[in-house]
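Report on one structure; see the data block that follows.
Residue numbers (my numbering): 547 to 728.
Have a look at this one:
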């Protein structure tokens with residue numbers, strides 16, 4: 547059906563236009579045509595925004611014990627998370643995070659992470675935060691990140707490469723990774 551012009555009349559008296567019933571019939575006919583065409587287009591016209599990407603959704607979100615993830619239909623994936631460990635870490639010792647240990651699987655070699663370690667003098671992130679140092683190395687599939695407890699509180703001294711005496715009672719590892727899931 548071709549576009550139907552609805553004539554409202556000429557100002558100032560509004561005479562000479564379509565009666566309200568005719569105008570409504572034209573609007574209904576054109577609207578029906580739009581909906582019928584969209585219905586035949588299927589998922590291209592009415593894509594699911596959130597759900598399973600494999601099922602046709604544009605975005606898939608999920609979480610598990612390892613963290614959170616968001617998958618996009620174009621193959622991009624973002625993961626993030628934070629884990630708290632109530633274990634002692636002596637000054638000069640560290641804790642590690644393997645970049646391949648993610649809440650969802652990336653295509654090998656397609657991703658990179660931003661990782662941070664925070665060491666605390668008390669359990670459950672209690673007490674002052676301690677200076678830390680970060681190192682990483684490649685294990686062939688991704689990177690392994692190591693945070694090292696420097697044993698010095700920021701209130702006590704400026705960070706140096708000399709270890710202080712403080713043992714951390716807890717540490718938190720936070721990460722964000724971006725890459726390809728397909």
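Glycine included, C-beta positions come from ideal geometry on N, C-alpha and C. All figures in this text were calculated on a predicted structure; none of them were measured in a lab.
Are there any heavy atoms of the ligand SAM lying less than 7 Å away from the beta-carbon of residue 624, as far as the coordinates show?
The model depicted lacks the ligand SAM and carries no ligand whatsoever.
Excluding the five sequence neighbours on either side, which residues of its own chain have a C-beta within less than 6 Å of the C-beta of residue 720, listed in chain order?
Once the five neighbours on either side are set aside, the close Cβ partners of residue 720 are 628, 662.
Give the straight-line distance between the Cα atoms of residue 712 and residue 621, rounded to the nearest whole angstrom.
Separation of residue 712 and residue 621 (C-alpha to C-alpha, rounded to the nearest whole angstrom) is 45 Å.
Please report the Cβ distance between residue 645 and residue 709, rounded to the nearest whole angstrom; I am assuming they are in contact, meaning their Cβ atoms lie under 8 Å.
So it is not a contact: roughly 26 Å between Cβ atoms.
Could you pull the start and end residues of the beta strand (DSSP E) that residue 618 belongs to?
613–618
Drop a sphere of 10 angstroms on the beta-carbon of residue 574, count the other beta-carbons inside from all chains shown, and report buried for 16 or more, exposed for fewer.
exposed
For residue 623, which three-state DSSP category applies?
strand
Cutting at 7 Å between CB atoms, please list the residues of its own chain near residue 669, excluding the five before and the five after it.
632, 715, 716
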